[in-house]
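Residue numbers (this note's numbering): 4 to 369. Even glycine gets a Cβ: it sits at the ideal position worked out from N, Cα and C. Shown next, in structure tokens, is the structure this report addresses.
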Ligand code: SAH
């Protein structure tokens, strides 16, 4: 985003090939640059298989945008790591590393903030600031990979933001991340979570990308879902589920329905039965997540017993359902909470500085 220059981290291999050709170089140099970028180098000078002359020419026309680690928490229980990253324009985003038996998975943000307005979610409380570029989404993975010194094999687009509201950049990100000359992460190991943007879901179905689609349902009917997820007023449940059905039929990929259990709101037997009736026949399974309470809202998460009861009812009706294991309990924070904490802390610091005697704006000496 630096004026007049191209961020090399934000380019697909085809774009880099064209870019180097426009600079009078041979096409294969594009692939070399792509490889370097995806190895995580931070400056053009580290591309040692390019001549010094060409590197200088590159520097005149391009740069590598880099995130910086602002803060990091490591769970002593299970090794989960939460990161706050600083973007080049001073905004903050968060990402999470989760360690599983099958490999390392990173949960990335796709926007700074979010404009979806889901009532239980911390990411959306201050609205959306801006979309992330494909390069900024990618860099969350590159930075974490470097920080832990181990390969990242799985990615979930489930951090702050609505990935389908930043569709173009997310598609570019997907195009880059699975390229064999880059991180080579299989699209099958990538999960994209959405609160239900129907046109993009249908477009994804047409594109036949073998990613896993996760859809945040959280309610079995429009009355309840309208209250929790404003996007439901635009795309009501029947329309959304119809799109999900088409997606599953077209791609033969099983959809994950996410359902955050909120105490006394959506966690009763009647909700489980209604949900089972609505999603029956769609190639899918349900992921039950006890709500992670945020301090700005009154809601609490349902207890284990309620979660198991909900799961049992779904299973009895032939719907596969799992209860999500909570990782990083000791470093807490649902989506967006760490970022918010950071913003609040900064506000307090600014207020504190403003009130210091003798500082600019103080009237102590009048
Ligand atoms: N915008 C996308 C992805 C980001 S949120 C979406 O809505 O799917 C990733 C998941 O976390 C979504 O299912 C979201 O509904 C859920 N979520 C948000 N806040 C939560 C909270 N406080 N407790 C539990 N799940 C939450």
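query, result
"Is any heavy atom of the ligand ADP found at a distance shorter than 8 angstroms from the C-beta of residue 151?", "This structure simply doesn't include the ligand ADP; it includes the ligand SAH instead."
"How about the region 108 to 120 and the region 152 to 172: do they share at least three Cβ pairs that are nearer than 8 angstroms?", "yes"
"Roughly how many whole angstroms lie between the Cα atoms of residue 306 and residue 325?", "15 angstroms"
"Compute the Euclidean distance between the alpha carbons of residue 58 and residue 50, then round it to the nearest angstrom.", "8 angstroms"
"Only counting the same chain, and skipping five residues up and downstream in sequence, which positions put a Cβ closer than 8 angstroms to that of residue 369?", "Annotation note: pLDDT 24 at residue 369 (below 50); position unreliable, coordinate value reported separately. Same-chain partners within the cutoff: there are none."
"State the start and end residues of the unbroken alpha helix (DSSP H) segment that holds residue 182.", "Premise fails: residue 182 is in no alpha helix (DSSP H) and is neither H nor E."
"Helix, strand or coil for residue 116? Go by DSSP, reduced to three states.", "strand"
"Helix, strand or coil, according to DSSP, for residue 302 in the structure here?", "coil"
"With residue 182 and residue 77 assumed to form a contact (beta carbons below 8 angstroms), what rounded beta-carbon distance in angstroms separates them?", "Wrong, their Cβ atoms sit about 30 angstroms apart, outside the cutoff."
"Provide the residue(s) that pair with residue 157 in DSSP beta bridges, ordered along the chain.", "108"
"Between residue 257 and residue 317, what straight-line distance do the alpha-carbon atoms span, to the nearest angstrom?", "17 angstroms"
"Under three-state DSSP, which class holds residue 18?", "helix"
"I need the DSSP call for residue 213, collapsed to helix, strand or coil.", "coil"
"Do residue 105 and residue 54 have their C-beta atoms closer together than 9 angstroms?", "no"
"Around the C-beta of residue 284, are 16 or more other C-beta atoms found within 10 angstroms, so that it is buried, or is it exposed?", "exposed"
"Identify every run of the beta strand (DSSP E) within the region 232 to 291, keeping only runs that are complete inside it and at least 3 residues long; order them along the chain.", "258 to 264"
"For the alpha helix (DSSP H) containing residue 73, name the first residue and the last one.", "Element bounds for residue 73: not the alpha helix (DSSP H) but the beta strand (DSSP E), 71 to 77."
"With hydrogens ignored, establish whether the beta-carbon of residue 294 is closer than 8 angstroms to any heavy atom of the ligand SAH.", "yes"
"Run the proximity test for residue 223: is its beta-carbon closer than 8 angstroms to any non-hydrogen atom belonging to the ligand SAH?", "no"
"When you compare only the Cα positions, how much space is there between residue 230 and residue 93?", "34 angstroms"
"Regarding residue 176 and the ligand SAH, is the C-beta to nearest heavy atom distance less than 8 angstroms?", "no"
"Regarding residue 233 and the ligand SAH, is the C-beta to nearest heavy atom distance less than 8 angstroms?", "no"
"Give the DSSP-derived three-state secondary structure of residue 149 in the structure shown.", "helix"
"Quick check on the DSSP output: what are the complete alpha helix (DSSP H) runs of length 4 or more inside the region 44 to 69, in order along the chain?", "55 to 64"
"Using only alpha-carbon positions, find the residue among 194, 224, 220 and 170 that is nearest to residue 206.", "170"
"For the beta strand (DSSP E) that residue 98 lies in, which residues bound it at each end?", "95 to 103"
"Looking only at its own chain, which residues have a Cβ that is under 6 angstroms from the Cβ of residue 23, when we skip the five neighbours before and after it?", "32 and 33"
"Run through the DSSP bridge pairs and tell me what residue 85 is partnered with.", "76 and 99"
"Within 10 Å of its beta-carbon, does residue 143 have 16 or more other beta-carbons around it, so buried, or fewer, so exposed?", "buried"
"Residue 200: which of 320, 290, 272 and 240 sits nearest, CA to CA?", "240"
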